[in-house]
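Visitor: Once you've had a glance at the structure underneath, I'll fire off some questions.
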Amino acid sequence: MKERKTAKRLAPITLNAAPSAGGEASPDEVRPATKEESFPIALIAVILAFVALALCYSRGYLLLYGDAVAHLGIARRIFDSRNPGLSQLGGVWLPLPHLLILPFVQKMEWWQNGLAGAWPSLLCFIASVVGLYRLARRMMTPRWAFAATAFYALNPNLLYLSTTAMTEPLFLAELIWMTLFTMECASAIRESRHSLVNRRLIYIALLIVAAVFTRYDGWILGAAAWCIVTWCLARNREIWRKVAPSFIVFTLLAVAAPLSWLAYNQHFYHDPLDFMRGPYSASAIEKKTSPPGSHHYRGWHNPGWALLFFTRTAQVDASVWETGFAVMIAALAGLILAIRRRIAMPSLLLWLPLPFYVYAIAYGSVPIFIPQLWPHSYYNARYGMELLPALAISMFFAIEWVERRWSQSQPLKARFLQPIALLLVVLNTLTMMYFIPLVLKEGMVNATTRMSLETSVARVLKSFPPGAPILMYNSDHIGAIQDAGIPLKQTVNEGDYDSWKAALADPADHAAYVIAIKGDPVSKAVDANPQGLTEMSILCTTGQPCARIYRSDKFGVSPKTP
Numbered sequence: 003m004k005e006r007k008t009a010k011r012l013a014p015i016t017l018n019a020a021p022s023a024g025g026e027a028s029p030d031e032v033r034p035a036t037k038e039e040s041f042p043i044a045l046i047a048v049i050l051a052f053v054a055l056a057l058c059y060s061r062g063y064l065l066l067y068g069d070a071v072a073h074l075g076i077a078r079r080i081f082d083s084r085n086p087g088l089s090q091l092g093g094v095w096l097p098l099p100h101l102l103i104l105p106f107v108q109k110m111e112w113w114q115n116g117l118a119g120a121w122p123s124l125l126c127f128i129a130s131v132v133g134l135y136r137l138a139r140r141m142m143t144p145r146w147a148f149a150a151t152a153f154y155a156l157n158p159n160l161l162y163l164s165t166t167a168m169t170e171p172l173f174l175a176e177l178i179w180m181t182l183f184t185m186e187c188a189s190a191i192r193e194s195r196h197s198l199v200n201r202r203l204i205y206i207a208l209l210i211v212a213a214v215f216t217r218y219d220g221w222i223l224g225a226a227a228w229c230i231v232t233w234c235l236a237r238n239r240e241i242w243r244k245v246a247p248s249f250i251v252f253t254l255l256a257v258a259a260p261l262s263w264l265a266y267n268q269h270f271y272h273d274p275l276d277f278m279r280g281p282y283s284a285s286a287i288e289k290k291t292s293p294p295g296s297h298h299y300r301g302w303h304n305p306g307w308a309l310l311f312f313t314r315t316a317q318v319d320a321s322v323w324e325t326g327f328a329v330m331i332a333a334l335a336g337l338i339l340a341i342r343r344r345i346a347m348p349s350l351l352l353w354l355p356l357p358f359y360v361y362a363i364a365y366g367s368v369p370i371f372i373p374q375l376w377p378h379s380y381y382n383a384r385y386g387m388e389l390l391p392a393l394a395i396s397m398f399f400a401i402e403w404v405e406r407r408w409s410q411s412q413p414l415k416a417r418f419l420q421p422i423a424l425l426l427v428v429l430n431t432l433t434m435m436y437f438i439p440l441v442l443k444e445g446m447v448n449a450t451t452r453m454s455l456e457t458s459v460a461r462v463l464k465s466f467p468p469g470a471p472i473l474m475y476n477s478d479h480i481g482a483i484q485d486a487g488i489p490l491k492q493t494v495n496e497g498d499y500d501s502w503k504a505a506l507a508d509p510a511d512h513a514a515y516v517i518a519i520k521g522d523p524v525s526k527a528v529d530a531n532p533q534g535l536t537e538m539s540i541l542c543t544t545g546q547p548c549a550r551i552y553r554s555d556k557f558g559v560s561p562k563t564p
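Take 3 as the starting number for the sequence shown in the numbering used here and just add one per residue.
Shown next as structure tokens:
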């Protein structure tokens with residue numbers, strides 16, 4: 003009897019293992035997670051989410067990232083604008099994150115304190131944790147699936163991002179669930195369960211649409227998922243014939259999502275690729291922020307350096323100090339094991355961020371800077387978070403393999419391996435929090451000068467008469483408007499094309515007050531047409547261009563000096 007149990011423990015893991023002889027699944031069996039298993043995981047995720055929110059909110063961390071402030075501003079201006087509507091979504095950042103924030107951001111207080119962006123991100127965090135556990139259960143026993151989920155859910159960088167308006171929590175949820183549903187679809191195709199295949203095709207299609215409208219790596223993810231499902235169906239023509247209508251819908255949705263974004267850009271910006279080559283594209287921003295005559299960042303047109311920067315960032319995002327090297331090695335070992343044993347091949351979708359970001363760094367004008375590598379600064383460190391699900395699943399898959407190998411030769415070590423792994427996960431979390439996790443540190447470092455300027459400008463804005471029209475370029479420092487609690491429709495900004503162009507031609511005639519920050523379009527317009535403007539004050543902070551505040555002598559609003 004003992005020999006049979008040992009043999010079972012050492013048997014190769016197979017996807018969707020059948021239940022044991024009595025009709026009940028063994029507690030050590032690799033199988034899909036039940037609702038009873040998933041519920042405690044969801045409950046733990048809810049608790050973690052609200053603890054993170056309470057901590058980050060109390061310390062003022064929700065608006066550290068300028069991108070988070072900008073996402074909230076875009077969502078707010080869809081309704082709060084002189085020209086409300088879908089045109090306010092912009093043409094570079096994809097629309098789904100802003101649409102999810104939209105119901106919450108209309109509450110002025112939640113817009114100002116950042117809670118409007120926290121609620122969708124927290125829900126996505128909870129969904130991603132549950133999804134990761136369910137994904138892990140299809141490859142591991144419950145003990146190790148829980149360990150992999152703990153490594154993911156307790157990551158301080160992820161917990162911080164889940165309280166902000168950043169897009170990473172949403173995309174990670176989409177990545178995990180798309181991988182899970184693709185895995186389930188492939189399994190159902192092998193088992194000729196056409197009704198389940200029909201449902202999973204629709205679920206995957208909806209997730210592809212969501213991912214395409216969240217981040218541009220979602221376009222590659224959706225294409226890869228479509229290819230995997232199509233390949234599996236091509237090998238089982240009988241199932242393909244039965245699910246043909248669902249497959250057609252699946253394909254149409256997968257194609258329609260990116261095409262609709264191209265059409266949106268063509269309609270509103272007269273260029274279907276405006277997000278790639280327009281004034282707010284990554285390449286334009288890289289040119290704008292690079293000092294004149296400077297060299298390109300390290301990794302530019304160099305895939306080797308790009309690979310180093312991304313993988314090193316993923317390590318530091320996932321683990322404290324230099325232990326990230328061990329995490330990456332273990333994860334690569336687990337990846338190789340899974341490929342060699344042909345276990346859950348659709349799980350390779352989790353690794354798609356690796357080639358995508360290597361290409362983006364090398365050829366897409368997307369630099370990553372971390373303090374561990376030259377130039378030892380902070381920029382886009384959060385991109386490494388997209389490899390966290392792959393690291394969690396693959397690393398613990400490899401560790402479970404080690405446990406099974408030790409179960410005969412070194413049973414004592416095998417028995418204590420999982421508790422020790424859980425202890426190390428907790429210690430990793432506590433140590434990262436003590437030394438400030440990389441993504442939070444980046445937000446703190448880069449927010450210092452920006453928030454100082456915006457606070458100063460907001461103080462002046464609050465002194466203006468209620469309802470007085472304000473001419474201001476909002477793309478760079480919308481946080482000042484947000485901090486002051488001024489409705490966006492009170493400002494003349496670049497989101498309202500006609501009034502914006504007219505105001506730049508004659509600032510004094512179209513706004514009661516003008517905020518000109520050196521180098522922005524308003525500043526250039528004031529330099530070209532200063533007639534009728536009286537300078538009220540100059541605000542300068544370290545590391546930021548100076549802001550000049552003007553009052554119009556032509557608009558007819560009684561002046562009120564701040």
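Beta carbons: idealized from backbone N, C-alpha and C, even for Gly.
How about residue 194 and residue 241: do their beta carbons lie closer than 7 Å?
Guide: The residue given as residue 194 occupies position 192 in the sequence shown. The residue given as residue 241 occupies position 239 in the sequence shown. A contact, by the Cβ cut-off of 7 Å.
Visitor: Using the Cβ count rule (16 or more neighbours within 10 Å means buried), how would you classify residue 24?
Guide: Within the sequence shown, numbered from 1, the residue matching residue 24 stands at position 22. Bear in mind that the predicted position of residue 24 carries a pLDDT of just 37, short of 50, making it unreliable; the figure below should be weighed with that in mind. Answer is exposed; the Cβ neighbour count stays below 16.
Visitor: Look at the alpha carbon of residue 260 and the alpha carbon of residue 221, and state the distance between them as a whole number of angstroms.
Guide: Here residue 260 corresponds to residue number 258 of the sequence shown, with the count starting at 1. Here residue 221 corresponds to residue number 219 of the sequence shown, with the count starting at 1. When rounded, the distance between both Cα atoms is 7 Å.
Visitor: In chain order, what residues of the same chain have a beta carbon less than 8 Å from the beta carbon of residue 173, not counting five sequence neighbours either side?
Guide: By 1-based counting over the sequence shown, the position of residue 173 is 171. Excluding residues within five positions, the ones whose Cβ falls inside 8 Å are 213, 216, 217, 219, 220, 388.
Visitor: Whether or not the region 304 to 314 and the region 360 to 368 are in contact is what I'm after, with contact meaning three or more pairs of Cβ atoms, one per stretch, closer than 8 Å; do they touch?
Guide: yes
Visitor: According to DSSP, is residue 540 helix, strand or coil?
Guide: As a working note, residue 540 is residue 538 in the sequence shown. Residue state, collapsed to three classes: strand.
Visitor: Kindly indicate which three-state DSSP category residue 399 falls into: helix, strand or coil?
Guide: The residue labelled residue 399 in the question sits at position 397 within the sequence shown. It is helical.
Visitor: Apart from the five residues on each side of it in sequence, which residues of its chain come closer than 8 Å, Cβ to Cβ, to residue 562?
Guide: Stepping through the sequence shown from its first residue, residue 562 is reached at position 560. Low local confidence applies: a pLDDT of 44 at residue 562 is under 50, so the model's placement there is unreliable, with the coordinate-based value given in what follows. Contacts found: 465, 466, 467.
Visitor: Under the rule that 16 or more other beta-carbon atoms within 10 Å means buried, what is residue 36, buried or exposed?
Guide: For the purposes of this step, residue 36 is taken as residue 34 along the sequence shown, with counting starting at 1. Its Cβ having fewer than 16 others within 10 Å, residue 36 is exposed.
Visitor: I'd like to check one pair, residue 132 with residue 43: are the Cβ atoms closer than 7 Å?
Guide: Locating residue 43 in the sequence shown gives position 41, where the first residue counts as 1. Locating residue 132 in the sequence shown gives position 130, where the first residue counts as 1. Contact: yes.
Visitor: Using the beta-carbon count (16 or more within 10 Å), is residue 413 buried or exposed?
Guide: Translated into positions along the sequence shown, residue 413 becomes position 411. Exposed: under 16 other Cβ atoms inside 10 Å.
Visitor: Compare the C-alpha of residue 157 against each of 256, 76, 50 and name the closest.
Guide: As a first step, residue 157 is located in the sequence shown; it is residue number 155 there, counting from the start. Selected option, being the one with the closest Cα: 50.
Visitor: Smallest Cα separation from residue 514: which of 498, 522, 89, 494?
Guide: The residue you call residue 514 lines up with position 512 of the sequence shown. Comparing Cα positions, the closest option is 494.
Visitor: Could you give the distance in angstroms between the alpha-carbon of residue 2 and the alpha-carbon of residue 123?
Guide: No statement about residue 2 is possible, as the shown extent of the chain runs from 3 to 564 and does not include it.
Visitor: Tell me whether residue 49 sits in a helix, a strand or coil according to DSSP, three-state version.
Guide: One-based indexing of the sequence shown puts residue 49 at position 47. Correct three-state label for residue 49: helix.
Visitor: Run through DSSP, which three-state label would residue 138 get?
Guide: Indexing the sequence shown from 1 puts residue 138 at position 136. Reduced to three states, the DSSP call for residue 138 is helix.
Visitor: What are the complete alpha helix (DSSP H) segments, minimum 4 residues, inside the region 213 to 284?
Guide: 219 to 236, 239 to 244, 246 to 271, 276 to 279, all fully within the region 213 to 284.
Visitor: Please go through the same chain and pick out, in chain order, the residues whose beta-carbon is closer than 7 Å to the beta-carbon of residue 69, but skip the five residues on each side of it.
Guide: The residue you call residue 69 lines up with position 67 of the sequence shown. Result list for residue 69: 168, in chain order.
Visitor: Once DSSP output is grouped into helix, strand and coil, what is the label at residue 438?
Guide: Position 436 of the sequence shown holds residue 438. It is coil, neither helix nor strand.
Visitor: Just how far apart, CA to CA, sit residue 244 and residue 196?
Guide: Counting from one through the sequence shown, the residue named residue 244 turns up at place 242. Counting from one through the sequence shown, the residue named residue 196 turns up at place 194. Pairing residue 244 with residue 196, the inter-Cα distance amounts to about 7 Å.
Visitor: Would the region 313 to 324 and the region 429 to 437 be scored as touching if the rule is three or more Cβ pairs under 8 Å?
Guide: Judged by Cβ distances under 8 Å, the region 313 to 324 makes contact with the region 429 to 437, as three or more pairs qualify.
Visitor: Can residue 384 and residue 441 be called in contact, C-beta distance under 7 Å?
Guide: Mapped onto the sequence shown, residue 384 falls at position 382. Mapped onto the sequence shown, residue 441 falls at position 439. Against a cut-off of 7 Å, the Cβ pair of residue 441 and residue 384 comes out as a contact.
Visitor: Measuring alpha carbon to alpha carbon, tell me which residue in 416, 340, 64, 76 is nearest residue 94.
Guide: For the purposes of this step, residue 94 is taken as the residue at position 92 of the sequence shown. Taking only the C-alpha atoms, the option nearest residue 94 is 76.
Visitor: Identify the residues that DSSP records as bridge partners of residue 131: which are they?
Guide: Along the sequence shown, one-based indexing puts residue 131 at 129. Assignment of beta-bridge partners to residue 131 by DSSP yields no partner.
Visitor: Could you tell me the distance, in whole angstroms, from the CA atom of residue 557 to the CA atom of residue 504?
Guide: The count along the sequence shown starts at 1 and reaches residue 557 at position 555. The count along the sequence shown starts at 1 and reaches residue 504 at position 502. Residue 557 and residue 504: Cα-Cα distance of roughly 14 Å.
Visitor: How should residue 298 be labelled, buried or exposed, when 16 other C-beta atoms within 10 angstroms of its C-beta is the threshold for buried?
Guide: Numbered from 1 along the sequence shown, position 296 holds the residue referred to as residue 298. With fewer than 16 other Cβ atoms within 10 Å, it is exposed.
Visitor: Determine the direct distance from the alpha carbon of residue 480 to that of residue 256, and round the result to whole angstroms.
Guide: Within the sequence shown, numbered from 1, the residue matching residue 256 stands at position 254. Within the sequence shown, numbered from 1, the residue matching residue 480 stands at position 478. Computed Cα separation, rounded: 34 Å.
Visitor: Spatial neighbours of residue 66 within its chain, please: C-beta separation below 7 Å, excluding the five flanking residues on both sides.
Guide: Against the sequence shown, residue 66 aligns to sequence position 64. The answer, listed in chain order, is 445, 446, 449.
Visitor: Quick one: what does DSSP say residue 154 is sitting in, helix, strand or coil?
Guide: If you number the sequence shown from 1, residue 154 lands on position 152. Three-state DSSP puts residue 154 in a helix.
Visitor: Using DSSP bridges, identify the partner residues of residue 371.
Guide: One-based indexing of the sequence shown puts residue 371 at position 369. Residue 371 is bridged to 381.
Visitor: Rounded to whole angstroms, what is the Cα-Cα separation between residue 550 and residue 452?
Guide: Here residue 550 is taken as the residue at index 548 of the sequence shown, counted from 1. Here residue 452 is taken as the residue at index 450 of the sequence shown, counted from 1. Their Cα atoms are separated by approximately 16 Å.
Visitor: Quick one, which of 535, 170, 151, 230 has its alpha-carbon nearest residue 347's?
Guide: For the purposes of this step, residue 347 is taken as the residue at position 345 of the sequence shown. Just measuring C-alpha positions, the residue of 535, 170, 151, 230 sitting nearest residue 347 is 230.
Visitor: Would residue 143 pass as a contact of residue 71 if the rule is Cβ separation under 7 Å?
Guide: Walking along the sequence shown from the start, residue 143 turns up at place 141. Walking along the sequence shown from the start, residue 71 turns up at place 69. 7 Å or more divides the Cβ of residue 143 from the Cβ of residue 71.
Visitor: Expressed to the nearest angstrom, what Euclidean distance is found between the alpha-carbon atoms of residue 198 and residue 177?
Guide: Numbered from its first residue, the sequence shown carries residue 198 at position 196. Numbered from its first residue, the sequence shown carries residue 177 at position 175. Distance between the alpha carbons of residue 198 and residue 177 is about 20 Å.
Visitor: By Cβ distance, which residues of its chain are closer than 7 Å to residue 489, with the 5 residues on each side in sequence left out?
Guide: By one-based count along the sequence shown, residue 489 stands at place 487. So the qualifying residues of the chain are 82.
Visitor: Does DSSP put residue 2 in a helix, a strand or coil?
Guide: Residue 2 is absent from the model: the chain starts at 3 and stops at 564.
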